[in-house]
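Reminder that position 123 of the sequence shown reads as 123 in my numbering, one-by-one numbering, no gaps.
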Amino acid sequence: MVRTAHLLTGDLHEAEDLVRTTLARVRARWRRIPRDDVDFYVRRSLVRTHLGRTRRGRAARLLTPFLPERARRAVPVRAEAVGGLGRALAALPARRRAVVVLRHWEGLGEAEIAQLLGCSAGTVKAHARRGLAALRAHPSLAARLAAPSVAPSPARRHPVSGARS
1 MVRTAHLLTG DLHEAEDLVR TTLARVRARW RRIPRDDVDF YVRRSLVRTH LGRTRRGRAA
61 RLLTPFLPER ARRAVPVRAE AVGGLGRALA ALPARRRAVV VLRHWEGLGE AEIAQLLGCS
121 AGTVKAHARR GLAALRAHPS LAARLAAPSV APSPARRHPV SGARS
């Protein structure tokens, strides 16, 4: 849970706080959670708590004319933990970032993510497509993706017909 939360938030300390908050909320509703859906419920709670925090943070930034010094500092992304991927994920909007993390880190299908986020499968597909396009275009990952690791082999001619293969 902490790794997923770290990818969602971009900061290890904030991720630990997110997991603590999520587990406290799950504990408060433990008797009402169906035993066969515990994993789904906890994951949904984690993502929704994160999305709620980002919305509240955005509202606070809009309502506060001058940000305090602590909030003015950029949220540190631990480069040794996630490298360029962390910086690229940090550039994505919260919901798109959640879809990319759930799809490619957690390995969930589009229908599962749609159910988890309470949206349609088409919305999940659109967020995933746009998120991956933004990740490919991000400067910290673009250099790594642009350089091919293996040089393409030149087109060879068929020995009998002379056609290129």
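Positions of the beta carbon are idealized from the N, C-alpha and C atoms, including for glycine. Note that the structure is a prediction, hence the values are computed from the model and not measured.
DSSP three-state call for residue i: helix, strand or coil?
{"i": "ALA91", "result": "coil"}
{"i": "ARG48", "result": "helix"}
{"i": "HIS253", "result": "Residue 253 lies beyond the residue range present for the chain, which begins at 1 and ends at 165; the question has no answer from this structure."}
{"i": "LEU108", "result": "coil"}
{"i": "ILE33", "result": "coil"}
{"i": "GLY203", "result": "This structure leaves residue 203 out entirely; the chain is present only between 1 and 165."}
{"i": "ARG61", "result": "Only weak support is given to the placement of ARG61: the predicted model assigns it a pLDDT of 48, under 50, and the value that follows is read from those uncertain coordinates. ARG61: helix per DSSP, three-state reduction."}
Are residue i and residue j touching if we call contact CB-CB under 9 Å?
{"i": "LEU8", "j": "LEU85", "result": "no"}
{"i": "ARG55", "j": "LEU102", "result": "no"}
{"i": "HIS138", "j": "VAL99", "result": "no"}
{"i": "GLY19", "j": "VAL2", "result": "The sequence given here places Val at residue 19; Gly does not occur at that position. Closer than 9 Å, so yes."}
{"i": "ARG53", "j": "ARG96", "result": "no"}
{"i": "THR4", "j": "ARG25", "result": "no"}
{"i": "LEU132", "j": "THR123", "result": "no"}
{"i": "ALA121", "j": "GLU110", "result": "yes"}
{"i": "GLU112", "j": "PHE40", "result": "yes"}
{"i": "THR22", "j": "LEU51", "result": "no"}
Need the endpoints of the alpha helix (DSSP H) that residue i sits in, please.
{"i": "GLU16", "result": "12-28"}
{"i": "LEU8", "result": "2-9"}
Would you say residue i lies against chain B (beta-carbon separation less than 9 Å)?
{"i": "ALA114", "result": "This model lacks chain B altogether, as it is built from one protein chain only."}
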